[in-house]
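What follows is one structure encoded as structure tokens, with my remarks underneath.
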Amino acid sequence: MVSRKNGQKSNGSYSPQAASLLARGEPMVWLTGFGLVMGLLMVIALVGYLFYEGSVTFWPSPVVQIVTLDGSVVMGEITRSEDFEPQPETVAALGEEEISAAQAELSRREGKLRRSLVRTGNFELTGEHFRWVEDFRFGSQGIQKPKWALIFERTAWGRFYGVPVGFLIDGEIQTTGPEESWKLFNEHSGQDIPPSRYAIRLHTASGETKDLDLAEIVRAYPANQLGLGRKIGIYLDRWREFLTAEPREANSEGGVFPAIFGTVVMTLGMTLLVVPFGVMSALYLREYARQGWLTSMVRISINNLAGVPSIVFGVFGLGFFSYIVGGSIDAIFFVDKLPNPTFGTGGIIWASLTLALLTLPVVIVATEEALAAVPTSMREGSFACGATKWQTIARVVLPRALPGVMTGAILAMARGAGEVAPLMLVGAVKLAPDLPLDQHFPFFHPERSFMHLGFHIYDLGFQSQNSEAAKPMVFTTTMVLMGIILLLNTAAIWLRSRMARRYSGSKF
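In the numbering used here, the protein residues as written are 195 to 702.
What follows is the structure, given as structure tokens:
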């Protein structure tokens, strides 16, 4: 007779098949492994999507020309296409020819229509940057790609699309025709251009004529004549402008260098402020403070402080750092400039202090864990050799806890660099193209407002008047912000690994 209890047979031998899967823990192994895989897939999908959308933003697209059934002409770049279900009253309001075309497509596509969003530009002439064009509106000519359709990126008014029909010098026409006009444009565009001296005359898709001053043109190219090498050149040149230039067109065009500078300086300043105070607090709590109810209450308060909404820290930073501390500095050192504040308003130093206060619990908790991980035997060996309490901490405990301290600094940088809500109150602004630097002492001005990539993303996504044009810039700016955080974290991880190798040794 076989006994199933505890996986034992009657003869005393063990039967693995009879053992419970739950007893061996295999379901939990598969469950935890599944959770890890799902987490990795979500992170990879998010990062991959952001990097894909951000990397294709600056790739030059062809210019299309669409002649619709009602005879209107649309010229521009197709940014995206989608399927949608039209309202019955929308279809009923169309012309007879368009209704029949729409009904035919509805029957073919099971009640849905397809439309494309065309970036038409020419805002000063049309009053719009984009236009939806449904596929059923395409006339017999369909989508064309005119050979001499040019794209002009300008300092103001956004992009312009047109065919060159002449080139002007001092208001006088010099040549006509697309090829000759484009040739003269290239000859005069690569130099310091005086305003209103040179202009290129363009013919738009709607039949209007427009003269563009070369001094207002940032970049121009015949989109439908580009080879792969020329496309790569435009792509890289757009990236160069994005990373090194100032923003324009309500931040939807141009570069983000002031925001990159502000983000890096603010993050480094926050880290240099939070790490010393966090380490000193953790040292006192772990090494000096008597462990009792008061110390426990302090630790609980620190842990609860990590759960306070970030906007609360922003309100505190505005009230305490900007108004009280900054206002006191103004009252003592800048009386002649009052009532205009110098330090008594938002600035990069107050933003750094506010985010240092926000990330302080992260550094304290990580440092305490690192100090607790140092074996007690190492402390006792140091005391046995005659070292004092501080000598033991400075020469034995703290060096071996430095990798953990760096872990706290990395977590603080990662959280602080992406915060937006507090910065909206203590210094970050929509546009500050001038860096807080000058050529005279003190060279760096921490009291000035600054731009931040996180706030820049918020402004592009929710405050831009041209949301469709700003949408690709949101992904690109997000990719740059993630890249900066990754770069800072990589440097900190490299430093942590060097410290771990240097101070790792035999344990008592």
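Heads up, the beta-carbon is just placed ideally off N, CA and C, and yes, glycines get one too. All values derive from a computational prediction rather than experimental measurement.
Which residues mark the beginning and the end of the alpha helix (DSSP H) in which residue i is found?
| i | result |
| --- | --- |
| residue 599 | 592-611 |
| residue 546 | 542-567 |
| residue 508 | 504-510 |
| residue 314 | Segment: none, residue 314 is in no alpha helix (DSSP H) and carries neither H nor E. |
| residue 520 | 520-527 |
| residue 614 | Per DSSP, residue 614 belongs to no alpha helix (DSSP H) and is neither H nor E. |
| residue 585 | 583-586 |
| residue 628 | Residue 628 -> no alpha helix (DSSP H), and no H or E assigned at all. |
| residue 366 | No alpha helix (DSSP H) holds residue 366; the beta strand (DSSP E) holding it covers 366-370. |
| residue 456 | 451-477 |
| residue 221 | 220-249 |
| residue 493 | 487-499 |
Name the two residues that bound the continuous beta strand (DSSP E) containing residue i.
| i | result |
| --- | --- |
| residue 429 | Premise fails: residue 429 lies in the alpha helix (DSSP H), 422-438, not in any beta strand (DSSP E). |
| residue 387 | Where residue 387 is concerned, there is no enclosing beta strand (DSSP E), given that its DSSP letter is neither H nor E. |
| residue 414 | 411-416 |
| residue 403 | 403-407 |
| residue 327 | 324-328 |
| residue 344 | 344-348 |
| residue 279 | That residue, residue 279, is in no beta strand (DSSP E); it is neither H nor E in DSSP. |
| residue 261 | 258-262 |
| residue 333 | 332-338 |
| residue 356 | 353-363 |
Can you give me the C-alpha to C-alpha distance between residue i and residue j, rounded to a whole angstrom?
| i | j | result |
| --- | --- | --- |
| residue 429 | residue 300 | 39 Å |
| residue 198 | residue 605 | For residue 198, the pLDDT reaches just 46, beneath the cut-off of 50, and the residue's location in the model is therefore unreliable, although a value from the coordinates is still provided. One C-alpha to the other measures close to 52 Å. |
| residue 502 | residue 463 | 22 Å |
| residue 522 | residue 473 | 29 Å |
| residue 200 | residue 223 | Reliability of the predicted coordinates at residue 200 is poor, the pLDDT of 48 falling under 50, and the value obtained from them is presented with this limitation in mind. If you take the alpha carbons of residue 200 and residue 223, they lie about 21 Å apart. |
| residue 273 | residue 540 | 38 Å |
| residue 447 | residue 613 | 23 Å |
| residue 671 | residue 587 | 44 Å |
| residue 528 | residue 520 | 10 Å |
| residue 662 | residue 239 | 23 Å |
| residue 279 | residue 304 | 10 Å |
| residue 683 | residue 386 | 42 Å |
| residue 212 | residue 234 | Only weak support exists for where residue 212 lies, its pLDDT of 47 falling under 50; the value from the coordinates is given anyway. C-alpha separation (whole angstroms): 35 Å. |
| residue 467 | residue 551 | 9 Å |
| residue 592 | residue 496 | 21 Å |
| residue 377 | residue 291 | 43 Å |
| residue 418 | residue 345 | 10 Å |
| residue 640 | residue 532 | 18 Å |
| residue 696 | residue 571 | 20 Å |
| residue 221 | residue 470 | 45 Å |
| residue 475 | residue 637 | 33 Å |
| residue 485 | residue 599 | 22 Å |
| residue 655 | residue 666 | 10 Å |
| residue 334 | residue 309 | 17 Å |
| residue 568 | residue 499 | 26 Å |
| residue 702 | residue 574 | A caution first: residue 702 carries a pLDDT of 39, below 50, which makes its placement in the model too unreliable to give a value. |
| residue 504 | residue 555 | 13 Å |
Can you tell me the Cβ-Cβ gap for residue i and residue j, rounded? I've got them flagged as a contact below 8 Å.
| i | j | result |
| --- | --- | --- |
| residue 557 | residue 603 | 7 Å |
| residue 722 | residue 645 | The chain is shown only over 195 to 702; residue 722 falls outside these bounds and no answer can be derived. |
| residue 440 | residue 449 | 6 Å |
| residue 538 | residue 616 | That belief does not hold up - the Cβ atoms of residue 538 and residue 616 are roughly 18 Å apart, past 8 Å. |
| residue 553 | residue 690 | Not a contact, Cβ separation roughly 17 Å. |
| residue 457 | residue 611 | 6 Å |
| residue 348 | residue 410 | 5 Å |
| residue 461 | residue 515 | Contact doesn't hold; Cβ gap of about 17 Å is too wide. |
Report buried or exposed for residue i, applying the criterion of at least 16 other Cβ atoms within 10 angstroms of its Cβ.
| i | result |
| --- | --- |
| residue 323 | buried |
| residue 340 | buried |
| residue 269 | buried |
| residue 635 | exposed |
| residue 524 | buried |
| residue 236 | exposed |
| residue 229 | exposed |
| residue 203 | Residue placement at residue 203 is poorly supported in this model, since its pLDDT is 49, which falls under 50; the coordinates still yield a value, given next. Exposed is the call here. |
| residue 445 | buried |
| residue 287 | exposed |
| residue 388 | exposed |
| residue 231 | exposed |
| residue 422 | exposed |
| residue 330 | buried |
| residue 487 | exposed |
| residue 491 | exposed |
message = Across the stretch 409-428 and the stretch 310-318, are there enough close Cβ pairs to call them in contact, namely three or more that are closer than 8 Å?
response = no
query = Are the stretch 256-263 and the stretch 338-354 in contact at 8 Å, needing three or more beta carbon pairs?
reply = yes
inquiry  = For the structure I just gave you, are there three or more beta carbon pairs, one from the stretch 341-356 and one from the stretch 387-405, closer than 8 Å?
reply    = yes
ask   = Three or more beta-carbon pairs under 8 Å between the stretch 621-635 and the stretch 646-659, yes or no?
value = yes
key: Contact between the stretch 419-439 and the stretch 509-519 (3+ Cβ pairs under 8 Å)   = no
query = Taking one C-beta from the stretch 399-409 and one from the stretch 369-376 each time, how about it: are there three or more such pairs within less than 8 Å?
reply = no
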